[in-house]
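> Residues in the sequence shown are numbered from 1 upward in steps of one, following the UniProt record's numbering.
I'd like to ask you about the structure that follows.
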Amino acid sequence: MGFNYLHCQKAAIKTSNTGVEEAMNWLLSHMDDPDIDDPISKDAQASEQSVDEASVQTLISFGFQEDVAIKALKASVRFSYVIYRF
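Structure (structure tokens):
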């Protein structure tokens, strides 16, 4: 089974790159969406990038400020996405 590269990118973004199974489930349930072939905008990537609140609270309990914890978690998601692409 093969999937379009753009569709796979969207699935990874929409599921916050949480894993292959989640991305596959998203892709299978959205493959007939009318906007599935629309290009990914930078704004869409930024707005879809959310962080797990439990992870934020864990980092805060380690002494990090909330804004620093959120920024670090978003950076780790972006890094994982880049690694996943290669």
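Using N, Cα and C, we set each Cβ at its ideal position, and we do this for glycine too.
It should be emphasised that the depicted structure is a prediction, and the values quoted were computed from it without experimental measurement.
When we look at the beta-carbon of Ala23 and count the other beta-carbons within 10 Å, is it buried (16 or more) or exposed?
The count along the sequence shown starts at 1 and reaches residue 23 at position 23. Ala23 should be labelled buried.
> Cβ of Leu59 within 8 Å of Cβ of Ala72?
The count along the sequence shown starts at 1 and reaches residue 59 at position 59. The count along the sequence shown starts at 1 and reaches residue 72 at position 72. The answer is yes: Cβ separation under 8 Å.
> Does the Cβ of Asn25 have 16 or more other Cβ atoms within 10 Å, making it buried, or fewer, making it exposed?
Taking the sequence shown and counting its residues from 1, one reaches residue 25 at position 25. When all chains shown are included, Asn25 counts as exposed.
> Does DSSP classify Asp52 as helix, strand or coil?
Mapped onto the sequence shown, residue 52 falls at position 52. Three-state result, Asp52: coil.
> May I ask you to report which of helix, strand or coil DSSP gives Met24?
If you number the sequence shown from 1, residue 24 lands on position 24. Here Met24 sits in helix by DSSP.
> Between Ser41 and the rest of its own chain, which residues show a CB-CB distance below 6 Å, the 5 nearest in sequence each way excluded?
Position 41 of the sequence shown, counted from the first residue, corresponds to residue 41. Counting only Cβ-Cβ distances below 6 Å, and skipping sequence neighbours, we find nothing.
> Could you please give the first and the last residue of the uninterrupted alpha helix (DSSP H) stretch that includes Ile13?
Locating residue 13 in the sequence shown gives position 13, where the first residue counts as 1. Taken as a continuous stretch (DSSP letters only), the alpha helix (DSSP H) holding Ile13 covers 5–14.
> How many angstroms separate the CA atom of Ala12 from the CA atom of Tyr5?
To locate residue 12, count along the sequence shown from 1; it is residue 12. To locate residue 5, count along the sequence shown from 1; it is residue 5. The straight-line gap from Cα to Cα measures roughly 11 Å.
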